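Chemist: One structure follows; several queries about it will come next.
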Amino acid sequence: MRLQSTIIIASALAAGSVAFAAEKASKDDKYEIREVGEAKSCINRSSIRSTDVIDDQTIDFKMRNGDIYRNRLPNKCSGLAFEEAFSYKTSTNRLCSVDIIHVLSQTGGRLDSRGACGLGKFQQIEKIPKAATED
-14 MRLQSTIIIA SALAAGSVAF AAEKASKDDK YEIREVGEAK SCINRSSIRS
36 TDVIDDQTID FKMRNGDIYR NRLPNKCSGL AFEEAFSYKT STNRLCSVDI
86 IHVLSQTGGR LDSRGACGLG KFQQIEKIPK AATED
């Protein structure tokens, strides 16, 4: 059986809605980012709890077990940071570096695709609040 599904990912996925937000300061400003282990080519879709779009080239995938996998896209994805919403299609339960995301925008009450961007590898990271790292 071939699994074919479209998943809409946004900051508010856990709440069951797609979030749209304006430009703002980097969400990483408050954190020291540490890489953990080697980057992976794929992650399990069913393990994704939510996502956090950092900028036009960076998406954090928050997993059900608390891990965070950062995906640094090979190229900037126009509109990703502004819209903070994207979709993808896969035929398996894995999201991989060869997959394509589509930036979604809300226009006149409906979702439209703004463009397609390739994913990069998934690097597990730890976000440590800067206040905790300063002495």
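Quick note: the sequence shown, position 71, residue 56 per the working numbering, numbers continuous. The beta-carbon is built from N, C-alpha and C at its ideal position, and this holds for glycine as well. Please read these numbers as outputs of a predicted model, since none were measured by experiment.
Mapping DSSP to helix, strand and coil, what is Lys47?
Modeler: In the structure shown, Lys47 sits in a strand (DSSP, three-state: E or B).
Chemist: Hey, could you find the ends of the alpha helix (DSSP H) Ala70 is sitting in?
Modeler: Careful: Ala70 lies outside any alpha helix (DSSP H), inside the beta strand (DSSP E) at Ala70 to Thr75.
Chemist: Return helix, strand or coil for Leu89, following the three-state DSSP convention.
Modeler: Three-state result, Leu89: strand.
Chemist: Suppose the cutoff is 7 Å on Cβ atoms and the five residues either side in sequence are ignored; what does the same chain contact list for Ile33 look like?
Modeler: Closer than 7 Å at the Cβ level, and outside the excluded window around Ile33, lie Phe46 and Met48.
Chemist: I'd like the list of long-range same chain contacts for Lys112, defined as Cβ closer than 7 Å, with 5 residues on each side in sequence excluded.
Modeler: Around Lys112: Tyr16, Ile18 and Ile53.
Chemist: Tell me the rounded alpha-carbon separation between Arg79 and Lys25.
Modeler: The straight-line gap from Cα to Cα measures roughly 12 Å.
Chemist: Between the C-alpha atoms of Thr75 and Asp84, what's the straight-line distance to the nearest angstrom?
Modeler: C-alpha separation (whole angstroms): 8 Å.
Chemist: Can you pull the DSSP bridge partners for Gly64?
Modeler: Per DSSP, none; premise fails for Gly64.
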